[in-house]
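Just so you know, the sequences run in chain order A and P.
For the first sequence, our numbering assigns the number 30 to the initial residue and increments by one for each residue that follows.
For the second sequence, our numbering assigns the number 16 to the initial residue and increments by one for each residue that follows.
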Amino acid sequence: MSFLSFSKYAIQSIFRNKRRTFAAIIGVLLAVTLVAGENVAIDTTTGSVFKQMMDTVSYDFVGRSSTNREFTNATRDLANVTNVEMVEPIVDLGMVEICEWGYNGSQNVTFATLQAISSTFSRVANKFGFVSDPSVPRGHIVLTEDMAVEAEVSPGDQVTLRYTNYMAPEPEYYFLNFSVAKVVQVEKPGEDEFPMFGPMFWFFDTIFVNLEDVELIISAFDLQDYFGYGLYSSYYVWINKDAVVKAGDPAKTNELLGRMKRDLNNAGVPYEISFEDSMLGFIVGFFSIWIMMYRAIFLALALPAIILGVYLGIIGAELGLSERRREIGVLKARGANRRQVFGLLIIEALILGVIAGILGLIFGALASNLFSMASPYGVAPSLLEMTITEFTIVLAIVLAIALLLFSAYRPAKRASTIPVTEALHKYSEEEAALRYKPLRDVIFIALAIFTYATLLLMKHFTGAGTPLTFALCLIAPLLMVLTPLSPFFLIIGVTSLLTRFSTKIYDWTSRATKFFTKDLYAIVNKNIVRNPKRASSVCVLIAMGLAFGIVVSSMGETQAAYIERSLEAQIGGDIALVALTVNRSFGTEIQDIGGVDKLTETAKLSAISGYENIHTNVWAINSSAYWEVVQPDPYYFKEGEPASTISMLSTLGNVIVTEKLAESQYLRVNDVFPVEVHNSYTDENGTWQSEEVDYQFTVVGIVKTLPGFMGPDIGIFTEGEMYVDFVTLNETTFGNQTWKFILNVESGQDPVAVGESIRVSYPVEITDILVYEEELEKAKSEPFTGALFNFLLVEFAFALLIIGVGLGLIMYVAATEREGEFASIMSRGASSRQVARLLLGEAVTIIIIGCVIGIVTGLVTAFVFNELLSFGIVGLGQGVLDMPLVVSFQTLILILLTIVILIVASLLATLRIRRMKLAQALRKRGG
Amino acid sequence: MVKIPKIVTQDLIRVYRTGKSEVIALRGLDLEIQDKEVVAIQGPSGCGKTTLLNLIGGLDRPTAGSIVVDGANIVHYSDPEMVKYRRERVGFVFQFFNLVPTLTAKENVQLPMRLAGKTSKERKSRTNELLDLVHMHDRAIHKPDELSGGEQQRIAIAVALANDPPLVLADEPTGELDTDTGKQMLDLFHSLNTKYRKTVIIVTHDQRISSIAHRTLKIEDGRIVGEVATKRGALKSTES
Numbered sequence: 030m031s032f033l034s035f036s037k038y039a040i041q042s043i044f045r046n047k048r049r050t051f052a053a054i055i056g057v058l059l060a061v062t063l064v065a066g067e068n069v070a071i072d073t074t075t076g077s078v079f080k081q082m083m084d085t086v087s088y089d090f091v092g093r094s095s096t097n098r099e100f101t102n103a104t105r106d107l108a109n110v111t112n113v114e115m116v117e118p119i120v121d122l123g124m125v126e127i128c129e130w131g132y133n134g135s136q137n138v139t140f141a142t143l144q145a146i147s148s149t150f151s152r153v154a155n156k157f158g159f160v161s162d163p164s165v166p167r168g169h170i171v172l173t174e175d176m177a178v179e180a181e182v183s184p185g186d187q188v189t190l191r192y193t194n195y196m197a198p199e200p201e202y203y204f205l206n207f208s209v210a211k212v213v214q215v216e217k218p219g220e221d222e223f224p225m226f227g228p229m230f231w232f233f234d235t236i237f238v239n240l241e242d243v244e245l246i247i248s249a250f251d252l253q254d255y256f257g258y259g260l261y262s263s264y265y266v267w268i269n270k271d272a273v274v275k276a277g278d279p280a281k282t283n284e285l286l287g288r289m290k291r292d293l294n295n296a297g298v299p300y301e302i303s304f305e306d307s308m309l310g311f312i313v314g315f316f317s318i319w320i321m322m323y324r325a326i327f328l329a330l331a332l333p334a335i336i337l338g339v340y341l342g343i344i345g346a347e348l349g350l351s352e353r354r355r356e357i358g359v360l361k362a363r364g365a366n367r368r369q370v371f372g373l374l375i376i377e378a379l380i381l382g383v384i385a386g387i388l389g390l391i392f393g394a395l396a397s398n399l400f401s402m403a404s405p406y407g408v409a410p411s412l413l414e415m416t417i418t419e420f421t422i423v424l425a426i427v428l429a430i431a432l433l434l435f436s437a438y439r440p441a442k443r444a445s446t447i448p449v450t451e452a453l454h455k456y457s458e459e460e461a462a463l464r465y466k467p468l469r470d471v472i473f474i475a476l477a478i479f480t481y482a483t484l485l486l487m488k489h490f491t492g493a494g495t496p497l498t499f500a501l502c503l504i505a506p507l508l509m510v511l512t513p514l515s516p517f518f519l520i521i522g523v524t525s526l527l528t529r530f531s532t533k534i535y536d537w538t539s540r541a542t543k544f545f546t547k548d549l550y551a552i553v554n555k556n557i558v559r560n561p562k563r564a565s566s567v568c569v570l571i572a573m574g575l576a577f578g579i580v581v582s583s584m585g586e587t588q589a590a591y592i593e594r595s596l597e598a599q600i601g602g603d604i605a606l607v608a609l610t611v612n613r614s615f616g617t618e619i620q621d622i623g624g625v626d627k628l629t630e631t632a633k634l635s636a637i638s639g640y641e642n643i644h645t646n647v648w649a650i651n652s653s654a655y656w657e658v659v660q661p662d663p664y665y666f667k668e669g670e671p672a673s674t675i676s677m678l679s680t681l682g683n684v685i686v687t688e689k690l691a692e693s694q695y696l697r698v699n700d701v702f703p704v705e706v707h708n709s710y711t712d713e714n715g716t717w718q719s720e721e722v723d724y725q726f727t728v729v730g731i732v733k734t735l736p737g738f739m740g741p742d743i744g745i746f747t748e749g750e751m752y753v754d755f756v757t758l759n760e761t762t763f764g765n766q767t768w769k770f771i772l773n774v775e776s777g778q779d780p781v782a783v784g785e786s787i788r789v790s791y792p793v794e795i796t797d798i799l800v801y802e803e804e805l806e807k808a809k810s811e812p813f814t815g816a817l818f819n820f821l822l823v824e825f826a827f828a829l830l831i832i833g834v835g836l837g838l839i840m841y842v843a844a845t846e847r848e849g850e851f852a853s854i855m856s857r858g859a860s861s862r863q864v865a866r867l868l869l870g871e872a873v874t875i876i877i878i879g880c881v882i883g884i885v886t887g888l889v890t891a892f893v894f895n896e897l898l899s900f901g902i903v904g905l906g907q908g909v910l911d912m913p914l915v916v917s918f919q920t921l922i923l924i925l926l927t928i929v930i931l932i933v934a935s936l937l938a939t940l941r942i943r944r945m946k947l948a949q950a951l952r953k954r955g956g
Numbered sequence: 016m017v018k019i020p021k022i023v024t025q026d027l028i029r030v031y032r033t034g035k036s037e038v039i040a041l042r043g044l045d046l047e048i049q050d051k052e053v054v055a056i057q058g059p060s061g062c063g064k065t066t067l068l069n070l071i072g073g074l075d076r077p078t079a080g081s082i083v084v085d086g087a088n089i090v091h092y093s094d095p096e097m098v099k100y101r102r103e104r105v106g107f108v109f110q111f112f113n114l115v116p117t118l119t120a121k122e123n124v125q126l127p128m129r130l131a132g133k134t135s136k137e138r139k140s141r142t143n144e145l146l147d148l149v150h151m152h153d154r155a156i157h158k159p160d161e162l163s164g165g166e167q168q169r170i171a172i173a174v175a176l177a178n179d180p181p182l183v184l185a186d187e188p189t190g191e192l193d194t195d196t197g198k199q200m201l202d203l204f205h206s207l208n209t210k211y212r213k214t215v216i217i218v219t220h221d222q223r224i225s226s227i228a229h230r231t232l233k234i235e236d237g238r239i240v241g242e243v244a245t246k247r248g249a250l251k252s253t254e255s
């Protein structure tokens with residue numbers, strides 16, 4: 030008999046036992062729903078953004094001919110090519126001048142390019158940035174707005190165009206009179222658009238004439254010989270993009286575009302028109318790389334949910350197996366061999382994988398609006414515009430099959446080797462406990478501890494050239510693999526070791542349920558240990574889900590806190606602005622703007638510090654005004670107390686230095702060191718001046734940075750800085766140079782509005798302005814980070830669902846499996862409430878163990894990962910600000926929510942006991 | 016002196032509905048059982064013996080009719096009252112023992128007492144007493160799957176007696192046991208009646224029951240179709 034001999038039986042088994050099928054696929058189904066849903070969301074939202082991006086492209090193809098003058102025929106033939114929607118020719122007739130004859134006979138000339146457009150050009154005018162219709166009647170010209178201003182002409186004016194033939198031995202002039210039909214405005218494309226594509230009418234001064242006047246102009250300017258020598262016609266082509274462009278499929282798109290290019294070239298042969306590659310292919314290729322990158326990132330982020338799904342899958346497979354021991358025994362007793370039993374279970378897993386994949390895809394697609402908030406491209410427009418690509422379909426089904434096969438492999442292997450007599454026995458309790466080998470879990474824990482310890486060591490004890498740094502470099506690839514896996518290793522290892530090496534933990538924990546299980550608590554423990562593997566798997570599931578939630582929540586909050594701190598360090602007050610070509614008194618002008626309260630001025634100078642000639646920055650501040658505006662938090666001060674240290678700056682020669690500078694110069698408080706301050710400025714006469722002044726400074730404080738002065742918070746880019754009062758820099762000239770002003774707005778005033786007033790008042794002088802509230806909002810709404818965080822929240826919701834369903838399912842199966850046992854207890858006088866409490870006691874014991882392990886490992890992981898982020902994950906070194914772990918109220922709520930969901934899931938499972946028909950349940954056992 | 020029966024059932028009907036089909040297990044069964052009587056119930060498979068025992072034991076509720084035990088119609092009991100009734104006034108012995116597999120013999124015996132909220136001291140002394148009664152002291156710390164069928168049934172009897180109920184119901188208690196062990200079980204039931212003054216109702220096919228029962232009721236198709244007075248019953252009648 031072959032491996033596949035039970036295929037039909039496998040299919041029947043799946044469809045006839047729906048509850049078991051549900052238990053087997055639910056974990057993987059939820060994980061696949063998450064992955065498929067996110068991919069559908071990415072496809073849909075990127076598809077919609079892609080369409081918008083396509084609309085910003087001026088044209089799809091352009092072909093050029095330097096000889097053809099049969100513009101109308103060429104346009105017609107090109108328009109007949111399949112999938113071409115529109116063709117518009119533009120003929121470049123070279124440079125001309127508008128001549129204006131002065132009263133004394135002199136000529137004022139304004140140069141412009143002369144372009145001929147067809148009378149149907151208005152239909153594409155907006156694609157080239159025209160705000161109004163540039164269509165030009167024969168015998169007239171149309172000018173761009175800048176051109177009209179420059180040439181000082183208006184609609185209705187008669188103008189003379191002059192063409193100069195510089196190719197002749199002596200310049201030859203040709204003249205032609207036109208009437209100005211209108212003046213049109215052409216806008217520069219936005220930053221998000223593709224200004225590099227299409228004729229730049231917004232940039233060049235242009236005069237438009239009617240295409241039908243081209244022969245007249247050629248004749249008048251004697252241009253016959255210049256086609257092929259500078260003059261040419263362009264044919265802009267717009268195609269049916271829906272038929273040709275496939276978002277996310279660059280290979281197909283390039284193939285279709287290539288075929289179109291060939292067809293257009295074929296049509297253009299009689300006119301010697303040659304077409305270039307379409308830029309659409311480039312955009313699709315570029316876009317596809319981004320989409321693949323997003324997919325990869327989100328798939329990697331989905332790892333926790335996938336692992337939880339697999340775990341639940343393994344539990345489901347084992348539950349199914351325990352239910353089917355007798356069935357397997359009977360099959361074996363009837364002659365089935367190991368291969369056949371294994372084959373039966375694997376075929377079932379394969380079919381279940383396909384079912385889970387299809388269902389996951391459907392559920393994911395239906396929930397794609399939920400996932401689209403976790404898409405970097407924003408929310409999907411509607412379900413009707415949903416895009417499901419082949420990639421997503423293949424991913425969902427392959428992932429589901431792989432996960433289910435993975436989940437089912439070991440249980441199937443074990444089932445196939447159970448001796449017939451044992452399989453026919455009702456159950457063999459403690460079998461799992463006897464078979465436990467702790468080696469795997471000890472290795473897991475050791476690897477996790479090694480990884481965490483190394484990451485922490487890396488932050489605190491590495492420096493250039495130390496042996497530890499060298500050792501870390503050697504194991505860097507290993508660390509990159511171990512770091513994301515370590516939390517899972519830690520949770521699986523610790524939970525399995527604690528719950529399976531000894532059953533004592535259940536004994537201790539079940540005592541905690543005594544308040545509601547009363548005298549039955551002793552039985553709770555005994556019931557759990559009857560299948561410690563199952564209990565252990567549920568503990569792992571709970572611990573993993575909770576730890577994941579804690580890591581996501583605390584890291585999200587830590588990141589948010591870091592953003593706030595970082596902005597405070599950069600801005601210092603409500604607003605910080607940098608102004609050029611102003612002097613120190615510019616501050617008083619700013620202060621006159623409505624809503625501005627206190628303000629302090631600062632100037633940045635460069636310097637050579639110490640005897641080692643290290644380059645550093647010197648911030649000149651007005652210490653008393655700075656204190657009034659900023660009042661830095663003690664957090665920034667490594668040495669010294671904020672108020673007194675800053676006030677000490679008003680004493681000549683005192684300086685506050687940053688940690689970075691102190692480290693590089695071996696400085697401590699009260700140290701005196703030389704500084705050569707370099708300064709450049711423009712003097713009263715507008716002459717650029719530079720000077721170098723030597724000072725002796727005394728360190729009075731050491732800080733991370735002073736608020737208002739921090740640059741990019743990346744270790745290797747951090748420069749050593751020092752802060753001195755203008756009083757100390759008494760020999761330095763402060764003139765018309767770069768100034769930075771830090772200010773607060775008056776109470777009740779909107780800082781964003783005040784910032785805008787300042788911006789509008791001094792558009793030239795102010796080169797940079799940062800409003801704290803505005804920047805905070807911008808940082809929080811940064812689409813990619815926001816999408817990542819939203820995805821993690823959605824994933825956590827899934828994780829909760831997985832662990833809730835997992836626990837509920839297991840309790841339900843436990844209640845079903847043990848119906849006879851509960852019935853016999855009830856026949857001896859237990860109320861259904863007592864039995865439900867017994868079952869709930871078992872659930873709560875497992876929940877307590879899972880939650881404690883989850884909370885501890887979650888917090889440890891969040892701490893280590895925060896340290897890692899604080900250090901700089903790509904080896905960019907320690908930043909100025911650190912990221913202390915934030916465990917807020919939100920995290921506590923999350924922990925409580927998890928516990929509540931788990932208890933509710935258990936309670937729902939116990940409802941079965943309450944509905945149980947006692948006599949029927951006993952009859953099943955033969956009573 | 017007029018004897019007040021301990022258990023009286025009148026017009027007892029029990030209909031099971033499974034999907035669209037109905038199975039009438041009891042069709043208006045009337046029965047009277049005196050205090051401290053041992054009654055055997057016999058009949059073919061599916062005649063309603065177990066259903067009757069389940070109804071008297073408070074494991075199930077009738078579709079119609081009444082079950083009066085010690086003057087109270089238990090049909091009208093609320094769920095909590097029924098739980099109390101099962102816990103304190105009835106001891107059930109099943110054909111397949113129905114012991115909790117994760118608990119030792121001693122813990123199984125203690126379970127009904129735990130459910131009844133007895134103190135640890137009370138539980139301990141009663142458990143020892145019962146294990147002595149069923150001669151299972153030396154097997155007290157063994158789990159059910161480490162015991163033979165006869166030993167499991169002895170423990171099941173001890174469990175049934177844990178809260179000292181006046182009524183013991185046994186459903187095919189010897190069905191799973193060999194002849195000798197079955198005989199020992201019947202002797203145990205006999206002593207429950209003679210020594211501990213329990214009312215015992217036994218559903219069984221075992222013909223040896225006539226040696227311990229006062230009478231045997233024959234059930235067929237959900238009704239009592241006959242009653243056979245045993246030698247012991249006749250003797251008791253003479254005594255009274």
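For each residue, glycine too, the CB sits at the ideal point set by N, CA and C.
Within chain A, partners of R141 (chain P) - CB distance below 8 Å = Sequence index remark: in the second sequence, residue 141 (chain P) carries index 126 (1-based). By Cβ distance, chain A contributes nothing, its closest Cβ being about 14 Å from R141 (chain P), past 8 Å.
Beta carbon of L379 (chain A), beta carbon of I430 (chain A): below 9 Å?
-> Residue numbering aside, residue 379 (chain A) sits at position 350 when the first sequence is read from its first letter. Residue numbering aside, residue 430 (chain A) sits at position 401 when the first sequence is read from its first letter. Their beta carbons are under 9 Å apart, which means L379 (chain A) touches I430 (chain A) by this criterion.
With contact counted as at least three CB pairs below 8 Å, one residue from each stretch, are the region 699-707 of chain A and the region 634-651 of chain A in contact?
-> yes
Are the CB atoms of E126 (chain A) and T139 (chain A) nearer to each other than 9 Å?
-> For the purposes of this step, residue 126 (chain A) is identified with residue 97 of the first sequence, where counting begins at 1. For the purposes of this step, residue 139 (chain A) is identified with residue 110 of the first sequence, where counting begins at 1. Contact: yes.
Tell me the start and end of each unbroken beta strand (DSSP E) in the region 160-214 of chain P that is at least 3 residues and wholly inside, in chain order.
-> 182-186
What alpha helix (DSSP H) runs, 4 residues minimum, are completely inside the region 565-623 of chain A?
-> 615-620
Name the DSSP beta bridge partners of S263 (chain A), please?
-> As a position in the first sequence, residue 263 (chain A) is number 234, starting the count at 1. The partner list for S263 (chain A) (beta bridge, DSSP) reads A:R93, A:I119.
So, do the region 76-96 of chain P and the region 823-837 of chain A have three or more beta carbon pairs nearer to each other than 8 Å?
-> no
The region 910-924 of chain A / the region 572-583 of chain A touching (three or more Cβ pairs under 8 Å) | yes
Which of helix, strand or coil DSSP assigns to E760 (chain A) | Within the first sequence, residue 760 (chain A) is the residue found at index 731, counting from 1. Coil.
Give me whichever residues DSSP pairs with S81 (chain P) in a beta bridge.
-> Here residue 81 (chain P) corresponds to residue number 66 of the second sequence, with the count starting at 1. DSSP output for S81 (chain P) lists P:Q25 as bridge partner(s).
To which residues does DSSP link K633 (chain A) through a beta bridge?
-> As a working note, residue 633 (chain A) is residue 604 in the first sequence. DSSP, once it has assigned bridges, lists A:W648 as partnering K633 (chain A).
Within the same chain, show all residues whose beta-carbon is closer than 7 Å to that of E668 (chain A), passing over the 5 residues directly before and after it, in chain order.
-> Residue 668 (chain A) sits at position 639 when you count from the first residue of the first sequence. Contacts found: V698, G730, I731.
Listed in chain order, which residues of the region 158-188 of chain P have Cβ atoms closer than 7 Å to some Cβ of chain A?
-> V174, N178, D186
Starting from the beta carbon of R32 (chain P), find every residue of chain A whose beta carbon is closer than 7 Å, and list them in chain order.
-> Reading the second sequence from its first residue, position 17 is the one you call residue 32 (chain P). None at all; the shortest Cβ gap to chain A is about 11 Å.
Please state if the CB of Q599 (chain A) and the CB of E804 (chain A) are separated by a distance shorter than 9 Å.
-> Working through the first sequence from its first residue, we reach residue 804 (chain A) at position 775. Working through the first sequence from its first residue, we reach residue 599 (chain A) at position 570. In contact: E804 (chain A) and Q599 (chain A) (Cβ atoms closer than 9 Å).
Whose C-alpha, out of P:K21, P:A55, P:L67, P:V23, is nearest the C-alpha of L41 (chain P)?
-> Along the second sequence, one-based indexing puts residue 41 (chain P) at 26. The shortest C-alpha separation from L41 (chain P) is found at P:L67.
Mind the definition here: the region 773-787 of chain A touches the region 586-600 of chain A only if three or more C-beta pairs lie below 8 Å; say whether that holds.
-> no
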